[in-house]
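Below you'll find the structure, written out as structure tokens, and then a few comments.
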Amino acid sequence: MTPSNILAEKIAARRAAATTNAPTKTEPEREREVDASVWARARALLLDDGRKLEGELLPIVANTSARPTANSAITAFDAKIPSIYVGANTACGLAGSLKTREPATTTQLDEWQRTAGYNIGVLARTVRALDVDVEDKALAAEIANLIAAYVELPKRTRANSAKFLQPFLLEGVYSKRIIDTRAGRIEFLGNGQQWVLAGTHKTGATLEWSKKPLTFPRITPAQFEELWTALGAQFGVTVAKQPAPRVEKPAPSTTPREPAEGEITVPDWAVAHINSLDPDCDYETWRDIGMRLHDHCNGGEDGFAVWQAWSANGSKYPGEEALRAKWESFGQNDGPKVTLGGLRVEAGVSDDAFGPPPSQAVLDVLAQAEAAEKAQRLATIKWAKLGEYKLRPAPEWLVKRIIPRKPLGAIYGPSGGGKSFEMLDIGLAITRGIPWRKFKTRQGAVGWLAAEAEGSMRNRVLAYEKGHGISVDELPFYVLGTGIDLTNRDTVRAIAESAPKGLVMIVVDTLAAAAGSANENSGEDMNPVLDNCALIHTITGASVTLIHHSGKDEARGMRGWSGIRARLDYEGEVTHDKQSGTRELAMTKQRDGVEGEALPFKLVPVEIGVDEDGEIETSAYVEHLDGYAGVKAANAKRKGQGKWHRAIRDALSAAPDMELELDALITAAIGHVSEGKRTSRPRQYVIATLKEMVDLGELYEPGIAGTGPRGYGFKVTATLAGKVRGNPDNVIPFPRAHEPEADVDADSDLIN
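Here my numbering is used: the first residue of the sequence shown is 4, the next is one more, and so on.
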């Protein structure tokens, strides 16, 4: 069997007896072994034209359950970290740095070869590798095609992933390089790094090779730079950076210089391309441009002049003296050589001085990759005529006009306001398929994530059964009371994938409890939480309804980051009048419905049993009260009690027909507030209050009449529903006469 067959076959032979350093192996661990014959073939493979490279081989503990020694810097073994066994099922990392590591001795190689349980690694000092860490199969295939257009390399793969690795021989000193793509990265493994030649991945998948027999092609530095540049140009993703504040530095001379006779000059295409780049780029890119110019001009002045003129346009320009010192440092070491030709692909030009242009095969691959990428971008974009939208189904509702069948909504209110009771009442109506109040429901299963007060569900359900005279035992209503963390995407995915089939709504009680350590006031924290709620909807198809708390100032809506409301498709507010005991659910946001339903209810206490101490247990159920009013009117009852509201009402009450011109009303309202209680800008406060009262429906604008201050050119009169004078506590009677109460009948509330 030839050495080059090393990586093409599956590992079949197993050592019958382990050495004292080998771990005690279970059957799954035996599948991770690389046997002695594979080590032998690996050593034979690394003969490069008579030069032995077997010293570049490394042992890698393949047993992921191996225990690290007490002093080991490695805390877990992942089947790719260079490491050795030091006892039964214990291991540690290799001593020293891989960058300065001496080649392995024959004695070391013989010992590793005798010990079962190792993967085989290779130092990337001469046998380099391109490690394509991309899971997207289509993108990985495009990258592989481009590499193949430049050079044919063996490919290491595994069955459970699109990722791959391609090794080759490349002389010189190279550091690690990275190209970030739209779905992963391409890494060039340089000095101080290693890769796995044979064995198994930590998932248990065998590492396979495409090329039979396996050989490592040799490429030149120029070929590598051209390939790397093409990969970056085709697949690289750049992130725009804010330019740093400009610091004044000595400007270079603007006098055009004439090249000396026989001096090597920079070609026009290169000058144009370099000047199109951002001089405030990262340091490595900036230095790389200088090195390429230095190489092309043999350190001559024309190359320096181009580099200086470009650098001086950036905020980081260090001045001519410092730039000159850097220029003169180029070419003083034995590192990899970079040339101006490496910019040709990026610049989109060819020059005979740098060899022939890319072949037609390369151009075809690039064109195909570009076409595939464009097709992928356009695949999800579908324009449609406005007329086609008329033919689409009308929006669906879970509770007509109240809870739409949309991805995300919220019901919020103060602590103890009754919001969880109200949502339980709605959820049970949906599972029973009965109208909720007078509104039709779409029957379906409901899920409840009881992140807060899980124990209260028992009492609430017993109270509901007693209040409605039914049993919920057969209803498709499901509760999850443990393991709820909306900040953890893996947990959220598990919750959604394990959910019962057919859920039409999932209630999260409450957002604060389910979001765990997330800061409610931070968009950075809450956006991922809301993204995870969207994931629940995507997997289950259910509408997700969050139960949340009001802020300290209830008039300003729900607690926390203002962007939460922007992400919602619907929102309702529960309020509680403690004096009367009346509570209301007011729909304050509907993307596809009518805002303004304020629905009164109360909680009816009920005895549900006797506890172990013989004491009576109580809970409550929701009882709907008759009627509903516009939410703007309901808000006006709670708001509108400030001094400027009262002053405006007093001013209008004293006016004929309760109508005044704007300027006269402003002046009269200011006069109704004593000077000591006025704000510093009373006119602006009166104008702002007037607009609020108009928005709330207490006042209205009969028409434009003249031009008032700050562009407010309207008359203001009292509402047609009643006069302010004599009305207790200055509360306007509702509903307003110009906006009559809606008439809900069974026929108009059929589900779409």
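From the three backbone atoms N, C-alpha and C, an ideal C-beta is built for every residue, glycine too.
| Asked | Found |
| --- | --- |
| Proximity winner among L668, A201, V154, A370, relative to V223 (alpha-carbon distances) | Looking at the sequence provided, one finds Thr at residue 223 rather than Val. For T223, the nearest C-alpha among the options comes from V154. |
| Assigned secondary structure, Q196 (DSSP; H/G/I helix, E/B strand, else coil) | coil |
| D556, buried or exposed, once every other Cβ within 10 Å from all chains shown has been counted against 16 | exposed |
| Cβ-Cβ distance between D528 and A454 below 8 Å | no |
| Simplified DSSP assignment, three categories, for D614 | coil |
| Cα-Cα separation, L3 to G187 | Because the chain spans 4 through 755 in this model, residue 3 falls outside it and cannot be assessed. |
| Beta bridge counterpart(s) of H552 as assigned by DSSP | G416 |
| Inter-residue CB distance, I123 and I77 (contact presumed, cutoff 8 Å) | Not confirmed; about 18 Å, so no contact. |
| Secondary structure of L605, DSSP reduced to three states | Leu is not the amino acid found at residue 605; the sequence shown has Lys there. Strand at K605. |
| Where S677 falls: helix, strand or coil (DSSP) | coil |
| Whether V309 touches L296 by CB criterion (8 Å) | yes |
| C-beta contact flag for Y624 and G470 at 8 Å | yes |
| Cβ distance (whole Å) where K483 is taken to contact L431 below 8 Å | Strictly speaking, residue 483 in this sequence is Leu, with Lys absent from that position. Contact doesn't hold; Cβ gap of about 17 Å is too wide. |
| Rounded straight-line distance, which links the Cα of G526 to that of V510 | 22 Å |
| Three-state secondary structure assigned by DSSP to I267 | coil |
| Same chain, Cβ closer than 6 Å to Y481, neighbours up to 5 away in sequence not counted | G450, P503 |
| Pick from G420, G317, E574, K214 that is closest to K581, judged by C-alpha positions | G420 |
| Identity of the residues DSSP links to W439 by a beta bridge | F442 |
| V402 vs T434 beta-carbon contact at 8 Å | no |
| Contact check, A413 vs V507, beta carbons under 8 Å | no |
| Contact check, L133 vs F191, beta carbons under 8 Å | yes |
| Length of the line joining the Cα atoms of T27 and E615 | Its pLDDT being 48, under 50, T27 is placed unreliably in this model, and the value from its coordinates should be taken loosely. Looking at the two C-alpha atoms, the distance is approximately 55 Å. |
| From T543, I487, G554, residue whose alpha carbon lies closest to that of V532 | I487 |
| Reference G334; option with closest CA among H299, Q116, T541, A312 | H299 |
| Helix, strand or coil at V697 according to DSSP, with G and I counted as helix | helix |
| Helix, strand or coil at I182 according to DSSP, with G and I counted as helix | strand |
| For C284, the three-state DSSP class (helix, strand or coil) | coil |
| Three-state class that DSSP yields for D81 in the structure shown | coil |
| Close Cβ partners of C536 (< 6 Å) along its chain, the five nearest in sequence each way excluded | L411, V547 |
| Inter-residue Cα distance where the pair is G175 and Q226 | 13 Å |
| The alpha helix (DSSP H) enclosing L149, as first and last residue numbers | 140 to 153 |
| Length of the line joining the Cα atoms of G195 and I567 | 47 Å |
| Range of the contiguous beta strand (DSSP E) that encloses N122 | 121 to 126 |
| For R131 and G96, the rounded distance between their alpha carbons | 22 Å |
| Segment contact flag, the stretch 207 to 214 with the stretch 363 to 383, C-beta cutoff 8 Å, min 3 pairs | no |
| N- and C-terminal bounds of the alpha helix (DSSP H) containing F227 | 224 to 238 |
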